[in-house]
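Number of protein chains: 2
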Amino acid sequence: MTKPHSSQPIGIFDSGIGGLTVAQAIVKCLPKENIIYFGDTAHLPYGDKSTAAIQAYSIKIAHMLMEQNCKLIMIACNTASAVAYEVVKEYIASKAIVMDVIDPTVLHLHQNYAHKRIGLIGTKQTVSSNIYKKKIDNLNAGIHVVSHATNLLASAIEEFGDHKAIDGLLEVYLSHPIIKNIEALLLACTHYPVIKQKIAQHYPTSIEIIDQSEIVANAVKTRLETDNLLNNNGTSNKHFYVSDYTESFANGAKLFFNEDVKLEHYPLWD
Amino acid sequence: MTKPHSSQPIGIFDSGIGGLTVAQAIVKCLPKENIIYFGDTAHLPYGDKSTAAIQAYSIKIAHMLMEQNCKLIMIACNTASAVAYEVVKEYIASKAIVMDVIDPTVLHLHQNYAHKRIGLIGTKQTVSSNIYKKKIDNLNAGIHVVSHATNLLASAIEEFGDHKAIDGLLEVYLSHPIIKNIEALLLACTHYPVIKQKIAQHYPTSIEIIDQSEIVANAVKTRLETDNLLNNNGTSNKHFYVSDYTESFANGAKLFFNEDVKLEHYPLWD
Chain H
367 MTKPHSSQPI GIFDSGIGGL TVAQAIVKCL PKENIIYFGD TAHLPYGDKS
417 TAAIQAYSIK IAHMLMEQNC KLIMIACNTA SAVAYEVVKE YIASKAIVMD
467 VIDPTVLHLH QNYAHKRIGL IGTKQTVSSN IYKKKIDNLN AGIHVVSHAT
517 NLLASAIEEF GDHKAIDGLL EVYLSHPIIK NIEALLLACT HYPVIKQKIA
567 QHYPTSIEII DQSEIVANAV KTRLETDNLL NNNGTSNKHF YVSDYTESFA
617 NGAKLFFNED VKLEHYPLWD
Chain E
367 MTKPHSSQPI GIFDSGIGGL TVAQAIVKCL PKENIIYFGD TAHLPYGDKS
417 TAAIQAYSIK IAHMLMEQNC KLIMIACNTA SAVAYEVVKE YIASKAIVMD
467 VIDPTVLHLH QNYAHKRIGL IGTKQTVSSN IYKKKIDNLN AGIHVVSHAT
517 NLLASAIEEF GDHKAIDGLL EVYLSHPIIK NIEALLLACT HYPVIKQKIA
567 QHYPTSIEII DQSEIVANAV KTRLETDNLL NNNGTSNKHF YVSDYTESFA
617 NGAKLFFNED VKLEHYPLWD
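So the sequence lines, in the order shown, correspond to chains H and E. Residues 367 to 636 in our numbering are what the first sequence lists, from first letter to last. Residues 367 to 636 in our numbering are what the second sequence lists, from first letter to last.
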C-alpha cells in the first residue's frame with residue numbers, strides 16, 4: 367500500500383446527480399484537480415432505501431473509485447454520509463482519504479453558530495439517523511438543532527428544478543412546527559441549493575440558509591493541503607459516471623453543475 | 367414443461383408498493399387464489415430508470431416468480447408493462463401465463479370509449495414509450511389519446527398519500543394544455559387510484575376517471591377461466607415480498623392494499 371500521489375483524482379459519489387452541486391464547488395475551489403464523479407442513478411433516491419442497502423451500494427462505489435485510483439473519496443450525499451461513512455472508511459482503510467459532507471458542516475456550525483437554534487432539512491434517512499444532532503451535541507457549543515424530513519424534495523428538484531410546481535410541497539414541509547423559530551436553516555441534502563432562494567422566501571424574516579457545498583469544498587482543500595496532496599499540474603480531467611443513463615439525467619446534470627456535463631454510463635450493477 | 371395447475375399462485379410484481387392496488391383488486395375478484403407479490407423497492411421508482419434497466423429487473427423478478435411456481439405473472443406496473451412485457455413473455459415462454467396492465471386496459475377502452483378523447487397520465491417511461499397510443503390507434507376505434515408524464519406523482523403519493531401537500535404538483539401536471547378538453551382520464555400508474563377523488567376534483571365539469579385495477583383483475587379472472595386454471599380449493603396463501611425493507615414501505619402498504627399487509631424482505635439483489 368503506497369501513499370496516494372497528488373496527481374491521482376478526487377472521487378465524488380452521490381445517489382444521483384444532486385452531488386454535482388458539491389462537485390461543482392470542489393472544481394471551483396480546486397480547478398487543477400482530476401475528478402471522477404459517480405452518481406448511482408440505478409438506485410436513486412437513497413432517502414427511501416434501508417441502511418443496509420445504502421451501505422452495500424456505498425461500499426461497491428468506493429471500491430470502484432479505488433480501482434480508478436482516487437486519492438480521496440468524498441461521499442457527496444447526506445444520506446450515504448449519515449449511514450455509510452464509517453463503513454466506507456473502514457473498508458478503504460489507509461488506501462485513500464475518505465470524507466463525508468457531515469463532519470465539515472458540523473465544524474462550520476461549531477465555528478459560526480454557537481448558541482443558535484438551527485433547523486435542518488434532509489431525507490428521511492438523514493433525519494432519522496439523527497447524526498447531525500449527535501455530532502453537534504458532542505461539541506457542547508450550545509447549538510440547538512431541530513430537524514424535519516423533506517423526503518420528496520430531492521426528487522422534486524430533479525424533476526422540476528426551481529419551479530413553482532414544488533411550492534406547495536415546500537410550504538407543507540417548511541411550515542412544520544418543529545422547524546419554527548430558527549435562526550438558520552441547514553440544507554442537509556446536496557439537491558437543495560438549487561432552490562435556495564425559494565426556501566429563503568418562505569421565511570417572513572430573514573434567516574440564514576446554510577449551503578454545504580462550499581463548506582465541503584473548502585474542507586477538501588484544507589485536507590489535501592495538510593496531507594501535501596494538492597495537484598498543481600497541468601490540465602484537469604473530469605469524468606462523470608452514472609450507473610443508469612437516461613436523457614433526463616443528462617439534461618438535469620447542468621442544473622446541478624451549473625455548466626454542461628457529459629454523463630457516461632458505468633454499468634456497476636450489471 | 368408441464369401445464370400449470372390451478373392451485374399454483376398468481377405472481378404480481380411492481381416497482382414498489384403501488385402495485386398493491388392491482389393486487390387488492392385481484393384478491394377481491396378472486397379470493398381463493400394464492401398470491402405472491404413482489405415489490406422492487408430497491409429500485410423504485412421505475413419511471414426514471416432506463417429501458418434496459420427496467421427490462422433486466424423485470425426478467426430477474428419473473429424468474430424468481432417462476433421459482434415460486436406461479437401459474438400466471440401479472441406485471442402490475444405500467445412502466446414495466448410498457449417496456450418489459452414482450453421480453454418477459456419471451457423469457458417465460460409457455461411455462462406460465464404472462465399478463466400486463468396495458469392490454470386489458472386497451473381492450474376496455476375499445477369496448478367503452480369509441481370516438482372519445484381520452485387523457486392519460488403516467489410516468490415518463492410509460493408516456494414516452496407511447497405504447498397506449500400505438501395499441502389504441504391499431505384498433506381504429508376513433509379513440510383519440512393525449513398523454514402527459516406526471517413523473518413525481520407516484521413518489522408523492524407514496525410519501526403523502528391523499529394529502530394537500532401534493533395539490534400544487536397535481537395542479538401543475540393536470541393543467542398542462544396537452545390534456546385539456548378530454549372526456550375521460552386514464553390513470554396509467556398503479557399508484558394513482560389512491561388520489562382518484564382529488565384528480566376528479568381538479569376538473570370543473572365531471573369527466574370519467576379510469577382506474578385500471580378492477581379492469582385488470584377482471585381480465586385475470588377471464589384468462590384463468592378460459593385456461594381452466596381458477597383455484598377453487600380451500601384457503602388462500604398470500605406473500606408480499608419487497609427487495610428492500612423499510613418501516614416506511616411497511617406503513618405505506620396499507621394505503622395501497624386497503625388492509626393490513628405483512629411485507630417480507632426478499633433479498634433478490636444481494
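Built from N, CA and C at the ideal position, the CB exists for glycine as well.
Can you grab the Cα-Cα spacing for the pair Asn584(E) / Cys395(E), in whole Å? Residue numbering aside, residue 584(E) sits at position 218 when the second sequence is read from its first letter. Residue numbering aside, residue 395(E) sits at position 29 when the second sequence is read from its first letter. Taking the straight line from one Cα to the other gives about 7 Å.
Given that a residue counts as buried once 16 or more other Cβ atoms are within 10 Å of its Cβ, and exposed if not, what is Ile523(H)? Here residue 523(H) is taken as the residue at index 157 of the first sequence, counted from 1. Buried, because 16 or more other Cβ atoms sit within 10 Å of the Cβ of Ile523(H).
Nearest-angstrom Cα separation, counted from Ala389(E) out to Glu630(E): In the second sequence, the residue the question calls residue 630(E) occupies position 264. In the second sequence, the residue the question calls residue 389(E) occupies position 23. Cα to Cα, Glu630(E) sits roughly 16 Å from Ala389(E).
Starting from Gly382(H) and walking both ways along the alpha helix (DSSP H), at which residues does that stretch end? Here residue 382(H) refers to the residue found at position 16 when the first sequence is read from its first residue. Careful: Gly382(H) lies outside any alpha helix (DSSP H) and carries neither H nor E.
Please report the distance separating the alpha-carbon of Ala324(H) from that of Ile502(E). With chain H represented from 367 up to 636, any question about residue 324(H) goes unanswered, as that position is not in the structure.
Where Ala419(E) meets chain H, residues with beta-carbon distance less than 7 Å: In the second sequence, the residue the question calls residue 419(E) occupies position 53. Going along chain H in sequence order, the residues near Ala419(E) (Cβ under 7 Å) are Ala408 and Asp610.
Just how far apart, CA to CA, sit Tyr558(H) and Ile458(E)? On the first sequence, position 192 is the one that residue 558(H) refers to. On the second sequence, position 92 is the one that residue 458(E) refers to. Going from the Cα of Tyr558(H) to the Cα of Ile458(E) covers about 44 Å.
Are Phe622(H) and Leu475(H) closer than 9 Å when you measure CB to CB? Translated into positions along the first sequence, residue 622(H) becomes position 256. Translated into positions along the first sequence, residue 475(H) becomes position 109. The answer is no: Cβ separation not under 9 Å.
If you pair each beta-carbon of the segment 549–558 of chain H with each one of the segment 545–562 of chain E, do three or more pairs fall below 8 Å? no
What separation, rounded to the nearest whole angstrom, lies between the Cα atoms of Asp577(E) and Ala442(E)? Mapped onto the second sequence, residue 577(E) falls at position 211. Mapped onto the second sequence, residue 442(E) falls at position 76. Using only the alpha carbons, I get a separation of about 13 Å.
What does Ser521(H) reach in chain E if we use C-beta pairs closer than 7 Å? Position 155 of the first sequence, counted from the first residue, corresponds to residue 521(H). Ordered by position in chain E, the residues that pass the 7 Å Cβ test against Ser521(H) are Leu518 and Ser521.
What are the residues in the segment 469–492 of chain E lying within 7 Å of chain H by C-beta distance? Lys490
Anything in chain A within Cβ reach of Lys562(E), meaning under 7 Å, just list it in chain order. Among the protein chains in the structure shown, which are H and E, there is no chain A.
If you run the structure through DSSP and keep just helix, strand and coil, what is His481(E)? Mapped onto the second sequence, residue 481(E) falls at position 115. Of the three classes helix, strand and coil, the one that applies to His481(E) here is coil, per DSSP.
Would you kindly report the start and end of the unbroken beta strand (DSSP E) that includes Val357(E)? What the structure shows of chain E is the stretch from 367 to 636, and residue 357(E) is not part of that stretch, so it cannot be assessed.
Of the choices Gly413(E), Val512(E), Glu549(E) and Ile420(E), whose alpha-carbon is the least far from that of Thr571(E)? Here residue 571(E) corresponds to residue number 205 of the second sequence, with the count starting at 1. Minimum Cα distance to Thr571(E) is reached at Glu549(E).
Alpha carbon to alpha carbon, what distance is there between Asp593(H) and Val453(H)? Reading the first sequence from its first residue, position 87 is the one you call residue 453(H). Reading the first sequence from its first residue, position 227 is the one you call residue 593(H). Val453(H) and Asp593(H): Cα-Cα distance of roughly 22 Å.
For Thr612(H), which of His510(E), Gln491(E), Ala507(E) and Asn496(E) has the nearest alpha-carbon? Translated into positions along the first sequence, residue 612(H) becomes position 246. Nearest C-alpha to Thr612(H): Gln491(E).
Going by other Cβ atoms of all chains shown within 10 Å of its Cβ, with 16 needed for buried, is Lys500(H) buried or exposed? Here residue 500(H) is taken as the residue at index 134 of the first sequence, counted from 1. Classification of Lys500(H): exposed, given that the 10 Å Cβ count is below 16.
Could you list the residues in the segment 536–548 of chain H with a C-beta less than 7 Å from some C-beta on chain E, going in chain order? Val538
Starting from the Cα of Gly377(E), find the closest Cα among Asp466(E), Leu535(E), Lys546(E) and Tyr412(E) and give me that residue. Along the second sequence, one-based indexing puts residue 377(E) at 11. Cα-wise, what sits closest to Gly377(E) is Asp466(E).
Boundaries (first-last residue) of the alpha helix (DSSP H) holding Leu505(H): By one-based count along the first sequence, residue 505(H) stands at place 139. That run of the alpha helix (DSSP H) goes Ile497 to Leu505.
Three-pair Cβ contact test at 8 Å for the segment 419–430 of chain E versus the segment 422–434 of chain H: no
If we ignore side chains and look at the alpha-carbon of each, how far apart do Leu486(E) and Phe526(H) end up? Position 120 of the second sequence, counted from the start, is the residue given in the question as residue 486(E). Position 160 of the first sequence, counted from the start, is the residue given in the question as residue 526(H). Distance between the alpha carbons of Leu486(E) and Phe526(H) is about 20 Å.
By Cβ distance below 7 Å, which residues in the same chain neighbour Ile497(E) in space, the five residues on each side in sequence not counted? Walking along the second sequence from the start, residue 497(E) turns up at place 131. Closer than 7 Å at the Cβ level, and outside the excluded window around Ile497(E), lie Ala448 and Ile468.
Host beta strand (DSSP E) of Leu551(H) (start-end): For the purposes of this step, residue 551(H) is identified with residue 185 of the first sequence, where counting begins at 1. Ala550 to Leu553 is the extent of the beta strand (DSSP E) around Leu551(H).
Just mark Glu399(H) as buried or exposed, buried being the case when its beta carbon has 16 or more other beta carbons within 10 Å. By 1-based counting over the first sequence, the position of residue 399(H) is 33. Buried, since its Cβ has 16 or more Cβ neighbours within 10 Å.
What is the DSSP secondary structure of Val453(H), counted as helix, strand or coil? Within the first sequence, residue 453(H) is the residue found at index 87, counting from 1. Note: Val453(H) maps to helix in three-state DSSP.
Which residue wins for smallest C-alpha separation from Leu403(H), given the options Lys369(H), Cys436(H), Ser416(H) and Ile575(H)? Against the first sequence, residue 403(H) aligns to sequence position 37. Here residue 403(H) is Tyr; the residue named in the question, Leu, does not match the sequence. Ranking the options by Cα distance to Tyr403(H), first place goes to Cys436(H).
Mind listing the chain H neighbours of Glu525(E)? Cutoff is C-beta to C-beta under 8 Å, in chain order. Numbered from its first residue, the second sequence carries residue 525(E) at position 159. Within 8 Å Cβ-Cβ: Asn517 and Leu518.
Kindly say whether Gly385(H), judged by its beta-carbon, lies nearer than 9 Å to any beta-carbon of chain E. Within the first sequence, numbered from 1, the residue matching residue 385(H) stands at position 19. With 9 Å as the cut-off, Gly385(H) does not count as an interface residue toward chain E.
For Phe379(E), the nearest candidate out of Lys620(E), Ser609(E) and Ala616(E) (CA to CA): Here residue 379(E) refers to the residue found at position 13 when the second sequence is read from its first residue. Nearest C-alpha to Phe379(E): Ser609(E).
Looking at the C-beta of Asp626(H), does it have a partner C-beta in chain E at a distance below 9 Å? Translated into the one-based positions of the first sequence, residue 626(H) becomes position 260. No - not a single Cβ of chain E is within 9 Å of the one on Asp626(H).
Between Asp636(H) and chain E, is any beta-carbon pair separated by less than 9 Å? Residue numbering aside, residue 636(H) sits at position 270 when the first sequence is read from its first letter. So, interface residue.
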